[in-house]
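The structure appears below as structure tokens.
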Amino acid sequence: MDIAGISQIFAIILLCKESNTRLVVKKIENCDPKFNYPFKLSVRTYNRPDAQYFDVNCTWPVDMDSTIGVTMQFDYVLVGRSMPILRAKENYLCDSANKYLGEPWYDACRQANIPVKKCPIPKGFYQLKNFKFDSEKMGVKSLPFGMITSKSVIFNNRNQDILACIIAEVDNIEK
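Residue numbers (this note's numbering): 125 to 299.
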């Protein structure tokens with residue numbers, strides 16, 4: 125996967141399911157489509173009978189080193205109301221991705237020619253085509269069935285500049 129997948133899928137990948145559930149990504153996009161974030165991202169999702177797939181294009185303007193962090197929030201949506209599930213801040217995004225995202229992250233790194241389990245990730249353009257998202261390979265505790273929203277803000281630890289803000293909607297469904 126690429127850095128785009130990092131942000132987007134980072135938020136989403138933290139949402140794992142039990143063996144009888146499957147995560148289906150409904151949308152991944154910038155928090156404010158009119159804002160010119162330094163981190164450029166476009167994601168297209170599509171479903172096939174066997175799984176969900178992604179096409180991702182991402183331009184990362186700086187090395188993803190120890191100066192790049194992320195804050196994340198996840199909410200469960202029930203009858204139009206949001207209930208907080210998790211709020212977290214990680215000061216080193218690259219290490220966090222390697223720690224929490226598991227095999228889907230490593231598979232994405234391989235496809236995007238990013239060294240697996242290595243930090244920092246160099247700045248540049250990264251791309252995924254026809255990337256199979258296998259939520260069963262993720263290693264995070266399960267979440268309730270239903271719609272889950274996430275917001276990830278990627279920032280520079282030195283000056284708190286926001287590099288990206290990404291929102292996602294994920295449906296945790298029964299297989």
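Glycine included, each C-beta is placed from N, C-alpha and C at the ideal position.
Since we're looking at a predicted model, the values are computed, not measured.
What would DSSP say about residue i, mapped onto helix, strand or coil?
| i | result |
| --- | --- |
| Arg282 | coil |
| Lys81 | Absent from the structure is residue 81, since the part of the chain shown begins at 125 and ends at 299. |
| Asn254 | strand |
| Asp156 | coil |
| Lys261 | helix |
| Lys151 | strand |
| Lys223 | helix |
| Lys299 | coil |
| Ile290 | strand |
Would you mind working out which of the options sits nearest residue i, comparing C-alpha positions?
| i | options | result |
| --- | --- | --- |
| Asn296 | Cys289, Thr273 and Trp229 | Thr273 |
| Asn281 | Thr195, Val201 and Tyr170 | Thr195 |
| Val148 | Met188, Lys299 and Val294 | Val294 |
| Tyr247 | Phe269, Lys158, Arg205 and Pro185 | It is worth fixing the name first, because residue 247 is Lys in this sequence and not Tyr. The shortest C-alpha separation from Lys247 is found at Pro185. |
| Cys182 | Asp189, Ile192 and Tyr161 | Tyr161 |
| Lys242 | Ser220, Asp258, Gln251 and Lys253 | Ser220 |
| Leu252 | Pro228, Lys151, Ile209 and Asp285 | Pro228 |
| Leu202 | Pro268, Asp179 and Leu287 | Pro268 |
| Met207 | Val167, Gly270, Ser259 and Leu287 | Gly270 |
| Leu287 | Thr145, Pro157 and Lys164 | Lys164 |
| Lys299 | Ser259, Asp285 and Ile291 | Ser259 |
Any heavy atom of the ligand SAM inside 7 Å of the beta-carbon of residue i?
| i | result |
| --- | --- |
| Cys218 | Absence of the ligand SAM is noted for the structure shown, with no ligands found whatsoever. |
So the alpha helix (DSSP H) residue i belongs to, where does it begin and stop?
| i | result |
| --- | --- |
| Cys243 | Looking at the DSSP string, Cys243 is not in any alpha helix (DSSP H), and its letter there is neither H nor E. |
| Ala232 | Gly226 to Gln235 |
Given residue i, which residues of its chain have a CB within under 6 Å of its CB, disregarding the five upstream and five downstream residues?
| i | result |
| --- | --- |
| Cys289 | Cys155 and Val277 |
| Lys213 | Thr195 |
| Phe249 | Thr183 |
| Pro239 | none |
| Lys151 | Glu293 |
| Ile245 | Met188, Cys218 and Ile238 |
Quick one: does residue i have its CB under 8 Å from some CB of chain C?
| i | result |
| --- | --- |
| Tyr216 | Protein chain content of the structure displayed is limited to a single chain, and chain C is not contained in it. |
Excluding the 5 residues flanking residue i on each side, which residues of the same chain have their C-beta closer than 7 Å to its C-beta?
| i | result |
| --- | --- |
| Lys256 | Ala175 and Tyr177 |
| Lys261 | Gly226, Glu227 and Pro228 |
| Phe159 | none |
Among the residues of its own chain, which have a CB less than 8 Å from the CB of residue i, if the five just before and after it don't count?
| i | result |
| --- | --- |
| Asn171 | Val148 and Tyr177 |
Completely contained alpha helix (DSSP H) runs for the stretch 166-219, where each covers 4 or more residues = none
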